[in-house]
Each structure stands twice: as C-alpha cells, then as structure tokens.
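**Q** Just dropping this structure here.
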Amino acid sequence: MKLEGKRLIWNEYQKEIADDNYFYVRSCVRQNFFPAAEKTFLRYMKEFGKNVFENPSHTTCSGIGYHSDIVPIETAMTMVARQFALMTESGYENFVTSCITSFGLYTEILDTWHHFPEIEEKIRVHLRNATGREFVKPKNLAHASDVTFKLRKEISKAGKYRLVNQNTGEPIRVVEHIGCHYSRMFPSKGVGGAEYPYVLVGMIEEWGGEVIDYPERRHCCGFGFRQYLIKANRGYSISASKKKFESMKPYKPELILTNCPGCPMFLDRWQYTISEMEGITYGEKGQGIPVLTYEELAGLILGYDPWDLGLQVHQVPVEPLLDKIGIPYDPERKFLDKDENSIGKPKSPSFLKFY
Amino acid sequence: MGALFEKLRQDIRFVEGLKACLNCGTCTAICPAAEFYNYQPRKLVDILQTRDDEKIEELLKSDTIWYCGECMSCVTRCPRNNAPGLLITALRSLSQEMGYFVESEKGRQQLAIKRTVGHWILKYGYCLYPSQITPENHPEQGPVWEWEFQNLEKVMERLGANYQKAGPGVLRAIPQEDLDEIKKIFDETGGTSRFEKIESFSRQKAEEMGIQLDDSLQNDYIKHIYTAVNKDHTTES
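In order, the protein sequences belong to chains A and B.
With the first sequence counted from 1, adding 117 to any position gets you this note's numbering.
With the second sequence counted from 1, adding 1061 to any position gets you this note's numbering.
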C-alpha cells in the first residue's frame, strides 16, 4: 500500500482529545517501575500551560486484578465508577489515565454501559451503597499518550534535541510498541486505530526519527497478567518478547518507544534475562536496545536531565542513544540520591554491557 | 441447555463475546498463547457452541482456560465479532465460583494472585507495590531493580515520587478512608466473596493434596502453586 493510502486510513481514526483541564489518574505499573515518567508528564503539561488535576483519593482501577481474574467484573466496574465520582466531585469532565490496562478497562466498561444501561444503573446503586458517591461519565476519555501526541508539535518546537544522530545526520531508527489494550478491542478509541496505531508514530516522525516496520511489530510484549505474575508461567512472557526482539534485530533499531506502562518494563527486563540465559544481546557491541516511555522521550527532546527522567532505573542502559543524539549527561551522578550522596551502584550483568 | 451454560449466559462478557463462530481459526492464528501453550481459542469457542454441560465442566476444570494472556488480539481479528478473550474471563469467573479452578495446575495459581495482587489492592490501594516485588521472586528484574529495592525510599525520592507520604503523587499513601471505601466496594459487589471462595476451595485442595497451607505467603502450598510445572503445557509446533 502506498504511504498516502496509509495516511488516509489513519485519518479515519483521529480521536477527539480534550484541549485542557484534565483529571489525571495514575498507573500501578508506571508508578512502581517508571515513577519519574509520570512526574515528567505533569512537568511538561505544566510548562505548556495545561491544567492537570490529581485527586489523592484515587486508587488502582483494579485492572491487573480484573485481568488476572481474581476481581469480578462488577467490582472492577464499581472501582472505575468511584474514579469517575472523584472526577465529578473535583469539577472535571476530561479523564486522562496513565495506564493502558486502565484505559482499556474504562473503554470496555463505558461501552458495556452504553449497550446495557441497566448494568450502569446497577453499578450506580453499588457505588451509592458502598461509598455514598455519585458520578457523571467523562465527556472525554484519553490516555496520557494521546495528550502527548496532541502536544507533539509544541514539544518539537520547544525542544532542544531531535531524534537525529549528531555524527551522521541520519534519523534515529525507532520501533514503536503500542500496548494491546490501547485499541485492540475498540479501534476507534485509539489514535490510528488497531491496524495503524499512530499515537507513537506521530511523535517519532514529528521529533525527527525514522519509524521502522518489522514483522512482529504488533505482537504482544507477553505480559499476559497471570502469565507474568506467577513465576511458573513466565516462559510465556519472555517468549513473546524474545519473538519481537528476534524479529526486529535485522532492522537494527536504536530505540524501542512504548505506550503502555508494562511493555517498557518487559522489553527492558527481558533483554537482560535473555542475555543471562542465552548470552544474546540485541543492540550494537553487546549493548541492548534502549527502551523508553513516551514521557521519557518527550523529556529528552525538551532537554530535561536524563537522571531527572529516571533513566537510571532502566536495566538496558540508555547512554548509547544519548550519545548518538548528543544529549549531555554526567555518568558520575547516575546512581546518586536526591542530595547527590552515593547509595551504591547496581551490579553489572554477566553479558549485557552496562558500565 | 445445561445449568453451567445458563450460568455462563448470565455473564455479560459471555453475551458480548459469543455471537456465532464459523470456526475459521483466525483467533488461533493471531493468539500469542496459542503459539506458546497447547491452546486453541477456536477449539474453546467450538466447545462452548455445543452447549454441552459435560464438556463445559471438563473445560472449567482444565488448564486450558488459564493459558490465555487476555491481550485481546483475537477481538480485533474475528470476522464475526466474537471475543474469545472475553469468553475466557467469563469461564475463569465461573470456574472460581464453582471451585473447579483447583482441579488444574494453572487454575490453582489463583490463590497466589489473590494473596499478592488481591491483598495489595486492599492494603495499599495499588495492584503492585514496590516493597513486595522482591528480587527473590523476581530475578528477571535484574541488578538495577535489586539496587532500587535495597534503596527504595531514597531512589523513589530521587525520582520525584511521594512514596508512602500524604498528598498527591507517585505511590502516595492512600488515605485509610479511601482504602475503607475499596473494601466496602469489594463487600458490596462480590469481590470479597470471590476472595473467600478462592481461599476456601484452595484450603480443601491443599488438604486433599497433603500440602501445608497457612495464612501467610511463605508456606508449601503457595510455593508449590507459584513455581510448579509438572506437565508439558506448551504447544508441539
């Protein structure tokens, strides 16, 4: 298919994303593994003059519990209804979530309530009985990447860096990984749909990089909820990621950009595990392929300090990418605490080049 | 139509997930679980279409329904708008309600998920909590996580988290009154009942298997279900 044809299809899936005044709910996985990514999102939103509100009373949506099947659907629906009630009570109507599992769950629940209004009524009664709260459904539901996508041109304009190799002038070669629950069930709710998701592609193209296609581009990272949570099942999880790495390797990607909070953790950690198990690495010269969240990449483009972005808690070092783009960093500060004191350093892996 | 099929039809996900399957196998072709496990969503849907309670009971007691990763890739691709991934959620719910989940190796794992993720939701207000993600149980997290785990408060502070503190922010301490609301939601909507059933059926099974199980996370039964792979679950291809 000609590129123009693809763009036409993408244009059919341009979702509406609110301009301002967002009620923000956090991600369990992102808070645990990439805490600075959420801080970074709030930082650039503030810098671009956007109002983002967080109600400290919000909790998990229970999505990981729901998709590992210990949490019944009515419980998950009522947990989500409580988040909507907090939004309503806080005076907001644009709901933004940091998590793809949550985004998928919110989307699925709103769709079910749309088709089965009697279920929505039942959940309203449950919420009232349990908490005394009432809610209005969001006017606009977005993932935080949708909002970042909407700001991509402004980020580019304000940016200090481009996704370009400073030595060769060539664009950085990027593979993107969209996260299953972003648009697989409801393609019209994601930018670009399920076939040609454009939310990350739009950022990469706008910021100067080259998007690399590869055969297993749309394959799951392998989270699979119970397939990772239980040690005995993790063969499923690592196999799925390995299939992707083997498939992308011939295309020599220099960066993996991710949408879902879980995917960067798996695509980062499984590179380490595969290197320990089989001595295989997927980057250049014994290095891995750096994996970033979209918030972290936006922060790099805007010139934020890499260690303020939390890139030190990635198992696959990001320095090769920083060197290519020409982003300065102080290796001596990488593992210091807030007051610049030493708290030791991680051990070096057996094969994956780390120091 | 049998009693089990009728129970499945009461689950909205079953209603939404099963229209009329033409057995084309597209779901199996796209399924990450089918690539790894001895699992075919096409066959599963075919069994459900028979409405045969004997076959459905066999399914509910089998490892088969626990192989899916709920990625929902099948939903995008089905030419008849079926959703095998949603049918799996309905089957797993019924298997736990009936106590059938303890009859399979993969099903028995539900107790370990309940005692980790389930416990953390109610205790902390998060599905995952960093102090509980131990390097021992998560060697795949690697040396960076090990370093982070050993210096959790300082690393979280460096990364701008509000770990275990009041107010907004990453990993903030969620106020007790909000945690109380979550518990009330679980009581009201069947979440607590689901947890009690997972515990109760697991205790019976542990006794039957002669494996020690107490209230902690450190007992022989939990260790067993968390790590045991006593048969080949993988696909032959």
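The beta-carbon is built from N, C-alpha and C at its ideal position, and this holds for glycine as well.
Model, not experiment: these values are computed from the prediction.
Would M1231(B) pass as an interface residue toward chain A - the criterion being a Cβ-Cβ separation below 7 Å?
**A** It is Val, not Met, that sits at residue 1231(B) in the sequence shown. Cβ-Cβ to chain A under 7 Å: yes for V1231(B).
**Q** Leaving out the 5 sequence neighbours to the left and right, which residues in its chain are closer than 6 Å to P378(A) when beta-carbon positions are compared?
**A** These residues qualify, in order along the chain: S144, V146, R147, C216.
**Q** Would you kindly report the start and end of the unbroken beta strand (DSSP E) that includes I373(A)?
**A** It spans 372-375 - the beta strand (DSSP E) in which I373(A) sits, taken as one unbroken run.
**Q** Return the Cβ separation of D1239(B) and G1179(B) in integer angstroms, given the expectation that the two are a contact with Cβ distance under 8 Å.
**A** Their Cβ separation, rounded to whole angstroms, is 17 Å, which puts D1239(B) and G1179(B) out of contact at 8 Å.
**Q** Taking the C-alpha atoms as reference points, what is the distance between E333(A) and T375(A)?
**A** Near 15 Å, if we compare the C-alpha coordinates of T375(A) and E333(A).
**Q** Quick one: grab the DSSP three-state call for L419(A).
**A** In this structure, L419(A) counts as coil in the three-state DSSP scheme.
**Q** Since A202(A) and I1246(B) are thought to touch, with beta carbons under 8 Å apart, how far apart are those beta carbons, to the nearest angstrom?
**A** A202(A) to I1246(B), Cβ: 11 Å. No contact.
**Q** Residue range of the alpha helix (DSSP H) that A1222(B) falls in?
**A** Where A1222(B) is concerned, there is no enclosing alpha helix (DSSP H), given that its DSSP letter is neither H nor E.
**Q** Quick one: what does DSSP say P1236(B) is sitting in, helix, strand or coil?
**A** The answer is coil: DSSP assigns P1236(B) none of H, G, I, E or B.
**Q** Assuming S179(A) and A193(A) form a contact by the criterion Cβ under 8 Å, report the distance between their Cβ atoms to the nearest whole angstrom.
**A** Right, the Cβ-Cβ distance comes to about 5 Å (below 8 Å), so this counts as a contact.
**Q** For S218(A), which of H260(A), G249(A), R250(A), Q429(A) has the nearest alpha-carbon?
**A** The question names Ser, but residue 218(A) is Thr in the sequence shown. Ranking H260(A), G249(A), R250(A), Q429(A) by Cα distance to T218(A) puts H260(A) first.
**Q** Within 6 Å: the Cβ of K306(A) and any heavy atom of the ligand ADP?
**A** Among the components modelled here there is no ligand, and therefore nothing to report on the ligand ADP.
**Q** Spell out whether any CB of chain A is found under 7 Å from the CB atom of D1239(B).
**A** Judged by the 7 Å Cβ criterion, D1239(B) is in contact with chain A.
**Q** Verify the CB distance criterion: does N149(A) have a CB-CB separation below 7 Å to chain B?
**A** Interface residue, yes.
**Q** Let me check understanding here. Comparing Cα to Cα, which of T398(A), E323(A), H231(A) lies closest to L414(A)?
**A** Nearest option by C-alpha distance: E323(A).
**Q** Here's a check: name, in chain order, each residue in its chain whose Cβ is nearer than 7 Å to the Cβ of L1189(B), leaving out the five neighbours to either side.
**A** Excluding residues within five positions, the ones whose Cβ falls inside 7 Å are W1181.
**Q** Give the interface partners of Q404(A) over in chain B, defined as CB-CB distance under 7 Å, in chain order.
**A** Within chain B, no residue comes near Q404(A); the closest Cβ sits about 15 Å away, beyond 7 Å.
**Q** Whose C-beta lies closer than 8 Å to the C-beta of E457(A) among residues of the same chain, with five residues either side of it excluded?
**A** So the list reads R450, once near-sequence residues are dropped.
**Q** Hey, out of E171(A), F233(A), E393(A), whose CA is closest to T205(A)'s CA?
**A** When each option's Cα is compared against that of T205(A), the closest is E171(A).
**Q** In whole angstroms, what separates the C-alpha of M394(A) from that of P466(A)?
**A** Going by the C-alpha atoms only, they are around 11 Å apart.
**Q** Based on the DSSP output, what are the partners of F342(A) in its beta bridges?
**A** In the DSSP output, where bridge partners are listed per residue, F342(A) has none listed.
**Q** Look up T214(A) in the DSSP assignment and give the residues it is bridged to.
**A** T214(A) is bridged to V142(A), H260(A).
**Q** Beta-carbon of C380(A) versus every beta-carbon of chain B: anything under 7 Å?
**A** No, no contact with chain B.
**Q** Do A349(A) and T1288(B) have their C-beta atoms closer together than 7 Å?
**A** Against a cut-off of 7 Å, the Cβ pair of T1288(B) and A349(A) comes out as a contact.
**Q** To the nearest angstrom, how far is the alpha carbon of T214(A) from that of Q429(A)?
**A** The alpha-carbon atoms of T214(A) and Q429(A) are separated by roughly 24 Å.
**Q** Alpha carbon to alpha carbon, what distance is there between C338(A) and L384(A)?
**A** C-alpha separation (whole angstroms): 7 Å.
**Q** So, at 7 Å on beta carbons, what are the nonlocal neighbours of Q1110(B) in its own chain, with the 5 sequence-adjacent residues on each side left out?
**A** So the list reads C1082, once near-sequence residues are dropped.
**Q** For the beta strand (DSSP E) that contains V291(A), what are its first and last residues?
**A** Residues 290-294.
**Q** For a contact meaning CB atoms closer than 8 Å, what does I1194(B) contact in chain A?
**A** The answer, in chain order, is N149.
**Q** Is it a yes or a no for the region 1199-1212 of chain B touching the region 415-434 of chain A, going by three-plus beta-carbon pairs under 8 Å?
**A** Yes, the region 1199-1212 of chain B is in contact with the region 415-434 of chain A.
**Q** Would G1086(B) pass as an interface residue toward chain A - the criterion being a Cβ-Cβ separation below 7 Å?
**A** Closer than 7 Å: no.
**Q** Are any of the Cβ atoms in chain A nearer than 7 Å to that of C1082(B)?
**A** So, not an interface residue.
**Q** Return the residue from the list A135(A), K254(A), A275(A), I236(A) that minimises the CA-CA distance to N168(A).
**A** Ranking the options by Cα distance to N168(A), first place goes to A135(A).
**Q** Any chance the region 1250-1261 of chain B sits against the region 1123-1140 of chain B, with 3 or more Cβ pairs inside 8 Å?
**A** No, the region 1250-1261 of chain B is not in contact with the region 1123-1140 of chain B.
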